[in-house]
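Going by our numbering, the sequence shown opens with residue 15, and the numbers climb by one from there. Working notes for the structure below.
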Amino acid sequence: MYNPKSFREEDKTKLFSFVKENSFGILFSTEEGRAERRARLLNSDKRHTRNS
15 MYNPKSFREE
25 DKTKLFSFVK
35 ENSFGILFST
45 EEGRAERRAR
55 LLNSDKRHTR
65 NS
């Protein structure tokens with residue numbers, strides 16, 4: 015997914031803090047030409063990240 019430089023956040027401490035405070039998200043996609051959305055709980059478990 016394209017992420018413009020002005021919206022990027024590289025600081026993992028800030029990212030994990032954001033997930034901890036806002037642990038609910040919605041994944042948007044398309045399926046058979048229709049817009050789909052799925053509610054997701056976000057996991058802030060740092061053991062499952064790349065380059066932790």
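Just so it is clear, CB atoms sit at the ideal spot from N, CA and C, and this is done for glycine as well.
Excluding the 5 residues preceding and the 5 following residue i in the sequence, name in chain order all residues of the same chain whose CB lies nearer than 6 Å to its CB.
i: A49; result: none
i: L41; result: R52, R54
i: S43; result: E50
Excluding sequence positions up to five away, which residues of its chain have a Cβ less than 7 Å from the Cβ of residue i?
i: L55; result: S37, F38
If residue i and residue j are in contact, beta carbons under 8 Å, what's the gap, nearest whole angstrom?
i: G29; j: E35; result: Going by the sequence as given, residue 29 is Leu instead of Gly. Not quite, the Cβ-Cβ distance comes to about 11 Å (not below 8 Å), so this is no contact.
Tell me residue i's beta-bridge partners as DSSP assigns them.
i: S43; result: E50
i: S55; result: As written in the sequence, residue 55 is Leu, which differs from the Ser given in the question. F38.
Does the beta carbon of residue i fall short of 7 Å from some heavy atom of the ligand ADP?
i: Y16; result: The model depicted lacks the ligand ADP and carries no ligand whatsoever.
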